[in-house]
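Notes follow once the structure below has been shown.
Residue numbers (full-length UniProt numbering), protein chains in the order written: chain D, 1 to 417; chain S, 1 to 350.
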């Protein structure tokens with residue numbers, strides 16, 4: 001029963017009975033983190049509900065309906081009660097359900113939750129780590145707001161919840177529940193729960209194993225989903241100012257259990273199960289994420305022959321693999337480089353050859369031209385020589401002819417002059 | 001923003017759990033007049049109660065090691081601390097057993113319960129320490145054992161499919177027994193504490209303090225403190241781990257005045273002034289173990305069990321274990337790449 005250990009009786013007061021106190025004292029000093037994710041259509045009353053739950057105006061600006069995609073906004077606040085410091089982070093989904101095509105609505109949410117797990121995992125895997133002092137941003141609970149208008153769950157609701165149920169604790173709630181009558185509400189709740197059940201959606205069950213809280217938790221489990229109303233305004237009922245919504249036909253009192261399940265939600269979320277929500281997130285959802293992620297990275301607990309592989313061996317093997325891969329890559333790159341070099345060299349040689357031939361050819365042409373021109377020069381010189389000779393001969397004939405015929409001479413003299 | 005005051009129903013619930021009078025109220029539960037404005041109270045402070053309940057359900061582990069030469073009263077002291085026969089001497093071991101030739105490590109575990117809190121207590125004894133003629137390196141088996149426990153925990157932590165609660169066998173506290181010579185620390189004491197104060201929380205105690213007078217005790221303690229300081233031995237509570245001013249003032253007082261605790265142990269009861277008390281009967285009187293004027297056992301008990309038990313575990317986990325882990329992973333070349341290996345991206349912790 002005690003893991004194989006004998007139980008010994010104490011013969012006097014030792015004092016370790018206050019050990020839980022010691023532990024709690026330390027945790028109180030560090031403060032607590034609690035992170036809530038609210039998913040629901042724009043205008044369904046998410047911010048108002050959170051304000052009402054924590055009795056504070058968190059000053060979250062209203063979103064408009066025309067956002068192009070779903071974006072998540074996280075804000076952290078510090079609340080203090082007695083000497084307990086709570087770091088509360090509210091993550092709101094802006095633009096959920098507003099687009100015409102809503103196929104990808106749930107993806108940013110899944111990515112956000114995974115990113116928080118990843119951040120924690122990275123910290124945990126570091127060599128020098130500081131897990132106890134780092135701010136835990138993992139989502140501890142997801143409040144899923146179901147629209148009160150309609151007969152049952154919408155397909156977007158089912159799709160979103162199905163993609164989140166193994167990553168986060170989901171508590172479904174019906175927002176703006178003051179527009180459903182009591183009888184309709186019962187039917188609505190039954191339809192929703194059966195739709196969730198038949199689609200295999202795992203919502204958060206309030207734990208029933210601890211006798212102190214099992215009774216109240218079992219009752220509460222039957223009241224899911226909680227039909228809530230939130231309000232930022234206070235109205236006077238009797239002689240007190242209470243959160244309420246005023247209609248011409250009456251006043252809906254937020255904290256009246258007959259009017260809505262707000263008190264139940266607050267009781268369950270804050271007063272009874274906050275610690276369990278945190279623990280489930282860490283022990284179940286985070287461990288699942290971690291396991292999947294490490295397996296994805298190639299780690300196994302059991303080796304190829306079904307023998308347990310020690311993580312050190314796995315690390316060594318991985319490192320070796322990585323190193324081999326690195327070497328192979330280096331080799332590849334080097335080979336490629338050498339190849340390129342060779343190609344370029346060949347190309348340059350080719351070009352060189354081409355230029356050489358071109359050069360020789362033009363040299364040749366040049367020579368030919370020169371020769372031709374020389375020939376022509378020679379011919380011309382010969383002609384000039386011949387002409388000079390002819391000229392000399394003509395002059396001689398002319399001087400001989402001037403002595404023979406006078407009449408002719410006159411004429412000739414005239415001509416001859 | 002501040003919410004309203006605490007409702008008194010929480011106080012009633014808490015007092016049911018712990019019937020013994022507590023010394024220091026951890027959460028001041030002064031019942032102020034219930035505020036008529038119910039909206040003021042949210043219930044955030046109930047998380048303390050939720051956490052307390054959860055931890056009580058899971059129970060606690062505590063592993064304490066005793067080191068010192070044989071005959072210094074280690075087993076008796078541990079039995080006195082936990083008001084139960086938890087040490088190996090009582091679990092079927094013979095007192096006339098021969099002193100082993102080398103240092104042995106013997107761990108005995110029991111479950112004890114008080115006030116609804118279940119504790120699995122393991123007492124680790126080190127027979128043979130300091131008893132040989134040549135005691136060189138006799139701390140090595142002890143250091144090896146301590147590191148083996150860290151290694152065990154690390155292996156579990158690094159698994160892909162992890163246990164919900166990793167069994168904690170790491171040594172949370174090591175009581176080192178100083179022989180009451182009245183003069184100074186011995187070279188063996190200094191060597192041991194120098195080596196081991198870096199891997200485990202060491203609490204030095206002066207054993208069999210009933211052999212010293214009040215003056216001798218005070219002088220001896222002063223000298224021991226001085227010697228520890230001169231040799232750079234950081235015993236628990238270590239100065240560098242004081243979290244805030246409150247811790248520092250409290251721990252300074254303990255470090256500079258009370259430690260090392262001069263203790264006497266006993267598992268026999270005698271009648272003194274109409275009360276049954278644990279004590280040692282001598283011809284000249286009865287030494288009352290839990291009487292602060294006789295010895296400092298009560299201080300040790302309160303320190304280890306009633307105020308610093310959780311802190312001992314936390315320092316072991318957050319500091320000593322992390323140091324071991326970091327060194328181990330560094331020697332291994334760190335963990336392989338974190339991101340899924342892509343063509344170009346090879347980020348790593350290497």
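Even for Gly, the Cβ is constructed at its ideal location relative to N, Cα and C.
How far does the alpha helix (DSSP H) with residue i in it reach, from first residue to last?
{"i": "residue 61/S", "result": "Where residue 61/S is concerned, there is no enclosing alpha helix (DSSP H), although the beta strand (DSSP E) it sits in stretches over 60–67."}
{"i": "residue 160/D", "result": "155–164"}
{"i": "residue 326/S", "result": "322–331"}
{"i": "residue 289/D", "result": "287–296"}
{"i": "residue 315/S", "result": "309–315"}
{"i": "residue 288/S", "result": "Taken as a continuous stretch (DSSP letters only), residue 288/S belongs to no alpha helix (DSSP H), being part of the beta strand (DSSP E) at 285–288."}
Here's the rule I'm using: 16 or more other beta-carbon atoms within 10 Å means buried, otherwise exposed. How should residue i be labelled?
{"i": "residue 199/S", "result": "buried"}
{"i": "residue 259/S", "result": "buried"}
{"i": "residue 7/D", "result": "exposed"}
{"i": "residue 91/D", "result": "buried"}
{"i": "residue 106/D", "result": "buried"}
{"i": "residue 179/D", "result": "exposed"}
{"i": "residue 161/S", "result": "exposed"}
{"i": "residue 47/S", "result": "buried"}
{"i": "residue 155/D", "result": "exposed"}
{"i": "residue 328/D", "result": "exposed"}
{"i": "residue 30/D", "result": "exposed"}
{"i": "residue 302/S", "result": "exposed"}
{"i": "residue 330/S", "result": "exposed"}
{"i": "residue 42/S", "result": "buried"}
{"i": "residue 62/S", "result": "buried"}
{"i": "residue 187/S", "result": "exposed"}
{"i": "residue 336/D", "result": "exposed"}
{"i": "residue 192/S", "result": "buried"}
Do you know offhand how far residue i's Cα is from residue j's?
{"i": "residue 317/D", "j": "residue 178/S", "result": "48 Å"}
{"i": "residue 284/D", "j": "residue 54/S", "result": "16 Å"}
{"i": "residue 86/D", "j": "residue 322/D", "result": "44 Å"}
{"i": "residue 192/D", "j": "residue 143/D", "result": "15 Å"}
{"i": "residue 32/S", "j": "residue 22/D", "result": "For residue 32/S, the predicted model reports a pLDDT of 28, less than 50, meaning its position is unreliable; a value from the coordinates is still stated below. Rounded to the nearest angstrom, the two C-alpha atoms are 25 Å apart."}
{"i": "residue 144/S", "j": "residue 60/S", "result": "25 Å"}
{"i": "residue 206/D", "j": "residue 114/D", "result": "24 Å"}
{"i": "residue 199/D", "j": "residue 5/D", "result": "45 Å"}
{"i": "residue 38/D", "j": "residue 162/D", "result": "16 Å"}
{"i": "residue 248/D", "j": "residue 109/D", "result": "39 Å"}
{"i": "residue 260/D", "j": "residue 254/D", "result": "7 Å"}
{"i": "residue 148/S", "j": "residue 262/S", "result": "31 Å"}
{"i": "residue 183/D", "j": "residue 189/D", "result": "10 Å"}
{"i": "residue 159/S", "j": "residue 315/S", "result": "23 Å"}
{"i": "residue 231/D", "j": "residue 53/D", "result": "10 Å"}
{"i": "residue 281/D", "j": "residue 125/D", "result": "18 Å"}
{"i": "residue 334/D", "j": "residue 348/D", "result": "21 Å"}
{"i": "residue 242/S", "j": "residue 264/D", "result": "42 Å"}
{"i": "residue 289/D", "j": "residue 76/D", "result": "24 Å"}
{"i": "residue 326/S", "j": "residue 232/S", "result": "23 Å"}
In terms of residues, what are the limits of the beta strand (DSSP E) holding residue i?
{"i": "residue 439/D", "result": "No answer is possible for residue 439/D: the residues shown for chain D start at 1 and end at 417."}
{"i": "residue 173/S", "result": "173–178"}
{"i": "residue 418/D", "result": "Residue numbering for chain D in the displayed model covers 1 to 417; residue 418/D lies beyond these limits and cannot be assessed."}
{"i": "residue 35/D", "result": "32–39"}
{"i": "residue 106/S", "result": "106–114"}
{"i": "residue 180/D", "result": "Where residue 180/D is concerned, there is no enclosing beta strand (DSSP E), given that its DSSP letter is neither H nor E."}
{"i": "residue 172/D", "result": "170–174"}
{"i": "residue 125/S", "result": "117–125"}
Within its chain, find whatever has a CB closer than 8 Å to the CB of residue i; leave out the 5 residues flanking it on each side and keep chain order.
{"i": "residue 86/S", "result": "78, 79, 108, 110, 112, 121, 123"}
{"i": "residue 272/S", "result": "279, 286, 288"}
{"i": "residue 13/D", "result": "none"}
With a threshold of 6 Å on Cβ separation, who are the neighbours of residue i within its own chain once the five nearest residues in sequence on each side are excluded?
{"i": "residue 174/D", "result": "146, 148, 225, 227"}
{"i": "residue 276/S", "result": "269"}
{"i": "residue 364/D", "result": "none"}
With a threshold of 8 Å between beta carbons, is residue i in contact with chain C?
{"i": "residue 329/S", "result": "Absent here is chain C; the protein component of the structure consists of chains D and S."}
Compile a chain-ordered list of the residues in the stretch 256–288 of chain D whose CB is closer than 8 Å to at least one CB of chain S.
Residues of the stretch 256–288 of chain D that bring their beta carbon within less than 8 Å of a beta carbon in chain S comprise 266, 267, 270, 271, 272, 273, 274, 275, 276, 279, 283, 287, in sequence order.
Going along the chain, which residues of the stretch 11–24 of chain D sit with their C-beta nearer than 7 Å to a C-beta in chain S?
From the stretch 11–24 of chain D, only 11, 12, 13, 14, 15, 16, 17, 18, 19, 20, 21, 22, 23, 24 have a Cβ closer than 7 Å to chain S.
Check each residue of the stretch 208–223 of chain D: if its Cβ is closer than 7 Å to any Cβ of chain S, include it; give the result in chain order.
Cβ contacts with chain S: 210, 212.
Interface residues of the stretch 68–82 of chain S facing chain D [CB-CB below 8 Å]:
Flagged, chain order: 81, 82.
Which residues, taken in chain order from the stretch 104–119 of chain S, show a beta carbon closer than 9 Å to some beta carbon of chain D?
So the close ones are 109, 110, 111, 112, 113, 114, 115, 116, 117, 118, 119.
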